[in-house]
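Under UniProt numbering, the sequence shown has 40 at position 40, and the numbering climbs by one with no breaks. Built from N, CA and C at the ideal position, the CB exists for glycine as well. All values reported here derive from a predicted model rather than from experimental measurement.
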Amino acid sequence: MSDAIPGRQDNYREFYRQQLERHFGSDRKRINHALKVLAYAEKIMCGENVSADLRKVITITALLHDVGIKPAEEKYHSSAGNYQEIEGPPVARQIMRQAGEPDPVMERVAYIIGGHHTPSKNDGLDFQIILEADLLVNIEEEQLDQLPGLAAIIAKNFKTAAGTRLATEQYLH
Numbered sequence: 001m002s003d004a005i006p007g008r009q010d011n012y013r014e015f016y017r018q019q020l021e022r023h024f025g026s027d028r029k030r031i032n033h034a035l036k037v038l039a040y041a042e043k044i045m046c047g048e049n050v051s052a053d054l055r056k057v058i059t060i061t062a063l064l065h066d067v068g069i070k071p072a073e074e075k076y077h078s079s080a081g082n083y084q085e086i087e088g089p090p091v092a093r094q095i096m097r098q099a100g101e102p103d104p105v106m107e108r109v110a111y112i113i114g115g116h117h118t119p120s121k122n123d124g125l126d127f128q129i130i131l132e133a134d135l136l137v138n139i140e141e142e143q144l145d146q147l148p149g150l151a152a153i154i155a156k157n158f159k160t161a162a163g164t165r166l167a168t169e170q171y172l173h
């Protein structure tokens, strides 16, 4: 498969998907997790009428949000969220430099990746959409829907109308 042309607006999603697959290699679980986060983020973005610029930041972040796992496991022998937040931004920046992303995009994506396990760092709609999309996937993958307190988790963490609707329809029906 040939690479998408870095920097081209119509190809950035494919470029970052390919970089995700290169980064994780044969680890389909982690690749599929990121693709599911992107799918939920896209649904939330549609419901929230997100601008093209914000859409690009969210798309890149969704695909790259867990790139810190590999270096965290190598360095700390752990994939804990705090280690992902330390190790993820430099990896993401390196990938985004290859695509020729402008500094404001690189810094915003790196900031969100560097805090996506720390809700108190949330400072905008793009960050919130990543939190919600990742949590939707984690509810499924970690079987959090079996917990009696799921309604409280959803009420506490979901702030967008589109994300709240998705979580409610999918898990609180």
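* From the DSSP output, in three-state form, read off E142 for me. => coil
* To do: Determine the closest residue to Q94 out of A110, N82 and I58, with distance taken between C-alpha atoms.
  => Taking only the C-alpha atoms, the option nearest Q94 is A110.
* Asked: If you run the structure through DSSP and keep just helix, strand and coil, what is P90?
  -> helix
* Can you give the Cα-Cα distance for N49 and K75, rounded to whole angstroms? -> 40 Å
* Helix, strand or coil: which one does DSSP assign to A80? -> In this structure, A80 counts as coil in the three-state DSSP scheme.
* Mind reading off the beta-carbon distance from P71 to E85? Whole number of angstroms is fine, and I expect it under 8 Å. => P71 to E85, Cβ: 12 Å. No contact.
* Identify the continuous alpha helix (DSSP H) that holds H33 and give its terminal residues. => R28 to E48
* Is F24 helix, strand or coil by DSSP? -> Note: F24 maps to helix in three-state DSSP.
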